[in-house]
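*Asks:* First residue of the sequence shown? That's 878 in our numbering, and the numbers climb one at a time after it.
Using N, Cα and C, we set each Cβ at its ideal position, and we do this for glycine too.
In this text, all values refer to a predicted model and were calculated from it rather than measured experimentally.
One structure coming up, written as structure tokens, with questions to follow.
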Amino acid sequence: MRILELNTVCDTGSTGRIAAEVARLAKQRGHDVWFAYGRGTHPSDIQGYKIGNRIDFICHVFLNFVRGKSGFGSRLVTKRFLRWLDTIRPDIIHIHNLHGFYIHIGVLFEYIKVNDISVVWTLHDCWSFTGQCAFFDYVGCDKWKVGCYKCPIYRTEYPYSLFCDNSKENYYEKRKAFTGVNNLIVVTPSKWISDLVKDSFLKEYEVRIINNGIDLDRFRIIRSDNGNLSGLRRKNNISEGRNIVLGVANVWEDRKGLREFYQLANILSDEYVIVLIGVPRRVVRLIESSYKDRIIGIKHTESIGELVCWYNLADVFVNPTLEDNFPTTNIEALACGTPVITYNTGGSPEIIDESCGMIVDKNNVDELKEAIVKTIGRSISREACRKRAEIYDKSDRLLQYVTLMESMSEYGTK
């Protein structure tokens, strides 16, 4: 079988790594695999094709800023890419993120329909069935169910159309492009987004749930007497008697719950210290000036080993996200034996049960505080957390993707 993986980036970021790992497994199973992407580079072990260049990217971004046309630029480089695609003639295209200012979605899907190519489409967010945004839960918008218009966040949320709300036209152009594919299966990482798809214009397609997974060999329980753990405490001046409340994000912002941590810092006693990993420099400065000794801000770390140590050192992992698909940080914490508390938003609560954490009503910081105190007081077993995480073994999830594509043929899905 000839497979094309398609994503904004290759082997970097969460979606790029998932797509690259699917490509590698498919190759190991004897399939011919290529990876097309819009930005960055591709590793030497993957056959890659870069769509466009920096000039085209800037033009697409400008088009979106001025006219609100994310996904409708890059026409010429998309046509050039499709001429290359003619040379490999894939049986399956596995689509991940199409947003990211690198491809024209109308031209791409017309090609798919004309050539009757089978498609697996993993929805890492909601962009595919809205007129503008990647997530709408934060503002409680449901216009996407019948047709977007007057977008309340087109200026403030990615993909940031600064001068024009084009959500109504985009919605109908997306619906025209994305519907009517003969053999397409939608994959979602969470039940939450699966239910949304069934209320969208993509409801004509079969939907499968394949949860995100993690590497359970890398994220693991470390013995409490490990010197790296005590070293982290000393390095960050955290006394042995203080309970560590951990938060981790790639980009900290209000949508990810940053404001909630500020509020928690003001109501938790001195027995607790909040550690936030992944904070930008400006946030570190704010924390140091306004929340000294209550919050420790650590910039993004590329060291998985250090991150694993923090997960193990923490007494509880808190994820007060206001909208998310299926955050792997929850699973990573559980794999390291740390209980998880999360808001009841998106797919985040699907990851935990009463054996390994608690679910709190959205925007209820007082309840969040009580859950932290209660969870630490319960002394949830590290083994119970680990057992829950083992449901989400990355190897199993990747195999689900490849076997799904293997089950599809030119005559339809089996």
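Do residue 1000 and residue 1065 come within 8 Å of each other at the CB atom, strictly closer than that value?
*Replies:* Going by C-beta atoms, residue 1065 is nearer than 8 Å to residue 1000.
*Asks:* Using DSSP bridges, identify the partner residues of residue 914.
*Replies:* DSSP output for residue 914 lists 884 and 927 as bridge partner(s).
*Asks:* What span of residues does the beta strand (DSSP E) with residue 958 cover, start to end?
*Replies:* That residue, residue 958, is in no beta strand (DSSP E); its alpha helix (DSSP H) goes 952 to 965.
*Asks:* Should residue 961 be labelled buried (16 or more other beta-carbon atoms within 10 Å of its own) or exposed?
*Replies:* Classification of residue 961: exposed, given that the 10 Å Cβ count is below 16.
*Asks:* Using 8 Å as the threshold, is the stretch 1131 to 1139 in touch with the stretch 1208 to 1217, meaning 3 or more CB pairs across them?
*Replies:* The stretch 1131 to 1139 is not in contact with the stretch 1208 to 1217.
*Asks:* What does the alpha-carbon distance come out to for the pair residue 1285 and residue 944?
*Replies:* Cα to Cα, residue 1285 sits roughly 38 Å from residue 944.
*Asks:* How big is the Cα-Cα spacing for residue 890 and residue 1125?
*Replies:* In a straight line, the C-alpha of residue 890 is about 15 Å away from that of residue 1125.
*Asks:* For residue 933, I'd like the list of residues in its chain whose CB is within less than 8 Å of its CB, leaving aside the five on either flank, ordered along the chain.
*Replies:* If we look at residue 933 and ignore the five residues flanking it on each side, its Cβ neighbours are 950, 951, 953, 954 and 979.
*Asks:* Per DSSP, residue 1270 forms a beta bridge with which residues?
*Replies:* Paired residues: 1091.
*Asks:* Could you spell out where the beta strand (DSSP E) holding residue 1004 opens and where it closes?
*Replies:* Run containing residue 1004: none; DSSP gives neither H nor E here.
*Asks:* Taking the beta carbon of residue 1198 as the centre, do at least 16 other beta carbons fall within 10 Å, making it buried, or is it exposed?
*Replies:* By the 10 Å Cβ count, residue 1198 comes out buried.
*Asks:* The alpha helix (DSSP H) that contains residue 1085, what's its start and end?
*Replies:* Looking at the DSSP string, residue 1085 is not in any alpha helix (DSSP H); the run it does join, the beta strand (DSSP E), is 1083 to 1086.
*Asks:* Hey, would you say residue 1246 sits closer than 8 Å to residue 1145, going by beta carbons?
*Replies:* The answer is yes: Cβ separation under 8 Å.
*Asks:* Is residue 1219 helix, strand or coil when you go by DSSP?
*Replies:* The answer is strand: DSSP assigns residue 1219 an E or B state.
*Asks:* Touch check for the stretch 996 to 1012 and the stretch 959 to 977: three-plus C-beta pairs under 8 Å?
*Replies:* A contact exists between the stretch 996 to 1012 and the stretch 959 to 977.
*Asks:* For residue 1040, tell me which candidate among 1168, 940, 1277 and 1115 has the shortest Cα-Cα distance.
*Replies:* Out of 1168, 940, 1277 and 1115, 940 has the C-alpha closest to the C-alpha of residue 1040.
*Asks:* Keeping to the same chain, check which residues put their C-beta closer than 8 Å to that of residue 1276; ignore five residues upstream and five downstream.
*Replies:* Only 902 meet the Cβ criterion.
*Asks:* Assuming residue 1106 and residue 1082 form a contact by the criterion Cβ under 8 Å, report the distance between their Cβ atoms to the nearest whole angstrom.
*Replies:* In fact, because the Cβ distance is near 47 Å, the residues do not count as touching under 8 Å.
*Asks:* Within this structure, are the beta carbons of residue 1010 and residue 1030 separated by less than 8 Å?
*Replies:* Their beta carbons are under 8 Å apart, which means residue 1010 touches residue 1030 by this criterion.
*Asks:* Mark residue 1118 as exposed unless 16 or more other C-beta atoms lie within 10 angstroms of its C-beta, in which case mark it buried.
*Replies:* Under this definition residue 1118 is an exposed residue.
*Asks:* Taking residue 1079 as part of the alpha helix (DSSP H), name the residues at either end of that continuous run.
*Replies:* Per DSSP, residue 1079 belongs to no alpha helix (DSSP H) and is neither H nor E.
*Asks:* Let me make sure I understand the geometry here. Which of 883, 1074, 1087 and 1113 has the alpha-carbon closest to that of residue 847?
*Replies:* Residue 847 falls outside the range modelled here, since the chain spans only 878 to 1291, and no answer is possible.
*Asks:* Please check the pair residue 1236 and residue 1215, which I expect to be a contact at CB under 8 Å, by giving their CB distance rounded to whole angstroms.
*Replies:* With 8 Å as the limit, residue 1236 and residue 1215 do not qualify as a contact, their Cβ atoms being about 16 Å apart.
*Asks:* Out of 1077, 1101 and 884, which has the shortest C-alpha to C-alpha gap to residue 913?
*Replies:* The shortest Cα separation from residue 913 among 1077, 1101 and 884 belongs to 884.
*Asks:* Look at residue 1244 and residue 1238 and say whether their C-beta atoms are less than 8 Å apart.
*Replies:* It is a contact, given that the beta carbons lie within the stated cut-off.
*Asks:* Helix or strand or just coil, what does DSSP make of residue 971?
*Replies:* Correct three-state label for residue 971: strand.
*Asks:* At which residue ranges does the stretch 1040 to 1073 contain complete alpha helix (DSSP H) runs of 4 or more residues, listed in the order of the chain?
*Replies:* Counting only runs of 4 or more, we get 1044 to 1055.
*Asks:* Taking contact to mean 3 or more Cβ pairs, one atom from each stretch, closer than 8 Å, check whether the stretch 1171 to 1179 and the stretch 1145 to 1161 are in contact.
*Replies:* Yes, they touch.
*Asks:* List the residues that DSSP assigns as beta-bridge partners of residue 1235.
*Replies:* 1218, per the DSSP bridge assignment.
*Asks:* Does residue 935 pass the burial test, meaning 16 or more other C-beta atoms within 10 Å, or should it be called exposed?
*Replies:* With fewer than 16 other Cβ atoms within 10 Å, it is exposed.
*Asks:* Report the option in 887, 1148, 931 and 1280 whose CA atom is closest to the CA atom of residue 975.
*Replies:* Checking every option, the nearest Cα to that of residue 975 belongs to 887.
*Asks:* If we count Cβ pairs, one from each stretch, closer than 8 Å, do we get three or more for the stretch 1256 to 1274 versus the stretch 1093 to 1112?
*Replies:* Contact holds: three or more Cβ-Cβ distances are below 8 Å.
*Asks:* Considering only the alpha carbon of each residue, which of 1180, 1241 and 1206 lies closest to residue 1221?
*Replies:* Among 1180, 1241 and 1206, the Cα nearest to that of residue 1221 belongs to 1241.
*Asks:* Determine the direct distance from the alpha carbon of residue 1019 to that of residue 1063, and round the result to whole angstroms.
*Replies:* Looking at the two C-alpha atoms, the distance is approximately 20 Å.
*Asks:* Taking residue 1200 as the reference, give the member of 1122, 1016 and 896 with the closest Cα.
*Replies:* That would be 1016, whose Cα lies nearest to the Cα of residue 1200.
*Asks:* Suppose the cutoff is 7 Å on Cβ atoms and the five residues either side in sequence are ignored; what does the same chain contact list for residue 1253 look like?
*Replies:* The answer, listed in chain order, is 1120, 1192 and 1193.
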